[in-house]
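Enquirer: Before anything else, here's the structure in question.
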Amino acid sequence: PSCLEFGPGNSKVILKTRHGYVPKVPSTPFRAQVITLSALLSSEEDQELNLLCPVRALRTYIEQSASFRQSEQLFVCFGGHNKGHPVTKQRLSRWIVNAITLAYSSLGLLCPIGVCARSWAWSSGVSIAEIFAVAGWASPSTFTRFYNMDVPALQASVLLHNGATPVH
Numbered sequence: 051p052s053c054l055e056f057g058p059g060n061s062k063v064i065l066k067t068r069h070g071y072v073p074k075v076p077s078t079p080f081r082a083q084v085i086t087l088s089a090l091l092s093s094e095e096d097q098e099l100n101l102l103c104p105v106r107a108l109r110t111y112i113e114q115s116a117s118f119r120q121s122e123q124l125f126v127c128f129g130g131h132n133k134g135h136p137v138t139k140q141r142l143s144r145w146i147v148n149a150i151t152l153a154y155s156s157l158g159l160l161c162p163i164g165v166c167a168r169s170w171a172w173s174s175g176v177s178i179a180e181i182f183a184v185a186g187w188a189s190p191s192t193f194t195r196f197y198n199m200d201v202p203a204l205q206a207s208v209l210l211h212n213g214a215t216p217v218h
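This is the structure in structure tokens:
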């Protein structure tokens with residue numbers, strides 16, 4: 051797909067907005083944002099780290115979907131009557147939620163509430179401008195209304211639900 055470009059030696063992947071893409075908030079300054087992901091370089095002994103490499107994952111995905119791909123969109127359906135056609139936003143969202151849920155459940159952990167990531171970022175000192183850039187929001191009101199959660203209280207609730215004791 052034209053929306054991504056691999057760096058020399060698969061050292062990185064550059065993700066670009068697909069031509070013709072119209073964001074939910076058309077006036078967003080992040081409409082033509084470029085995202086660069088670096089490869090996780092690991093030794094031969096640490097093959098598990100290779101499984102987490104975003105560059106490797108995207109390269110493998112592109113290679114595996116090449117024979118049936120019918121769209122320039124990055125993510126395409128891999129089965130059924132829509133095979134090779136662009137994935138809907140709802141389906142992509144479901145894939146992400148399922149992957150996160152599987153990752154947590156495989157470790158015997160409860161999956162955190164979906165909106166926690168932005169609140170965790172905010173409570174960890176990430177600037178509101180950086181959160182907006184990643185989320186593609188047009189104004190601070192979205193964060194304030196939907197994502198600005200009390201992370202310490204949420205953490206205590208999750209830990210207590212898992213039978214652990216929160217550390218203060």
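Residues 51 to 218, numbered by the numbering used here, are exactly what the sequence shown covers, in order.
Cβ atoms here follow ideal geometry from the backbone N, Cα and C, with glycine treated the same way.
Figure out for me which residue from Val84, Val63, Gly59 has the closest Cα to the Cα of His69.
Expert: Mapped onto the sequence shown, residue 69 falls at position 19. Checked all of Val84, Val63, Gly59; the closest Cα to His69 is Val84.
Enquirer: Would you call Leu124 buried or exposed, if buried means 16 or more other Cβ atoms sit within 10 Å of its Cβ?
Expert: Along the sequence shown, one-based indexing puts residue 124 at 74. Leu124 comes out buried.
Enquirer: From the DSSP output, in three-state form, read off Ser156 for me.
Expert: Sequence index remark: in the sequence shown, residue 156 carries index 106 (1-based). Of the three classes helix, strand and coil, the one that applies to Ser156 here is helix, per DSSP.
Enquirer: I'd like to know whether the C-beta atoms of Gly158 and Val105 end up nearer to each other than 9 angstroms.
Expert: Indexing the sequence shown from 1 puts residue 158 at position 108. Indexing the sequence shown from 1 puts residue 105 at position 55. It is not a contact, given that the beta carbons lie outside the stated cut-off.
Enquirer: Cβ of Ile112 within 9 angstroms of Cβ of Leu54?
Expert: In the sequence shown, residue 112 corresponds to position 62, counting from 1. In the sequence shown, residue 54 corresponds to position 4, counting from 1. A contact, by the Cβ cut-off of 9 angstroms.
Enquirer: Relative to the C-alpha of Lys62, which candidate in Arg141, Leu91, Ala149, Ser155 has its C-alpha closest?
Expert: Here residue 62 corresponds to residue number 12 of the sequence shown, with the count starting at 1. It is Leu91.
Enquirer: If His135 sits next to Ser121, beta carbons under 8 angstroms apart, how far is it from one beta carbon to the other, in whole angstroms?
Expert: In the sequence shown, residue 135 corresponds to position 85, counting from 1. In the sequence shown, residue 121 corresponds to position 71, counting from 1. Contact holds; Cβ gap of about 6 angstroms.
Enquirer: Can you tell me the Cβ-Cβ gap for Asn60 and Ala89, rounded? I've got them flagged as a contact below 8 angstroms.
Expert: Locating residue 60 in the sequence shown gives position 10, where the first residue counts as 1. Locating residue 89 in the sequence shown gives position 39, where the first residue counts as 1. That pair is a contact at about 6 angstroms.
Enquirer: Excluding the five sequence neighbours on either side, which residues of its own chain have a C-beta within less than 8 angstroms of the C-beta of Arg141, listed in chain order?
Expert: As a first step, residue 141 must be located in the sequence shown, where it is residue number 91. Answer for Arg141: Cys127, listed in chain order.
Enquirer: So what's Ala214 in DSSP terms, helix, strand or just coil?
Expert: One-based indexing of the sequence shown puts residue 214 at position 164. Note that Ala214 scores 46 on pLDDT, short of 50, meaning its location in the model is unreliable and no value can be drawn from it.
Enquirer: Quick check: Leu99 and Thr86, are their CB atoms within less than 9 angstroms of each other?
Expert: Position 49 of the sequence shown, counted from the first residue, corresponds to residue 99. Position 36 of the sequence shown, counted from the first residue, corresponds to residue 86. In this structure, Thr86 does not lie closer than 9 angstroms to Leu99 by Cβ.
Enquirer: Helix, strand or coil for Leu90, going by three-state DSSP, please let me know.
Expert: Your numbering for residue 90 matches position 40 in the sequence shown. Note: Leu90 maps to coil in three-state DSSP.
Enquirer: Could you tell me whether the Cβ atoms of Arg119 and Pro51 are closer together than 9 angstroms?
Expert: Taking the sequence shown and counting its residues from 1, one reaches residue 119 at position 69. Taking the sequence shown and counting its residues from 1, one reaches residue 51 at position 1. In contact: Arg119 and Pro51 (Cβ atoms closer than 9 angstroms).
Enquirer: Pick helix, strand or coil for Pro73, following the three-state DSSP scheme.
Expert: In the sequence shown, the residue the question calls residue 73 occupies position 23. Correct three-state label for Pro73: coil.
Enquirer: Is it buried or exposed for Ser117, if we count other Cβ within 10 angstroms and need 16 for buried?
Expert: If you number the sequence shown from 1, residue 117 lands on position 67. It counts as exposed.
Enquirer: Can you give me the Cβ contacts of Leu102 inside the same chain, cut-off strictly under 7 angstroms, excluding the 5 residues immediately before and after it?
Expert: Within the sequence shown, the letter at position 52 stands for residue 102. Correct list, in chain order: Leu90.
Enquirer: In three-state terms, what does DSSP make of Glu122?
Expert: Locating residue 122 in the sequence shown gives position 72, where the first residue counts as 1. DSSP places Glu122 in coil when its eight states are reduced to three.
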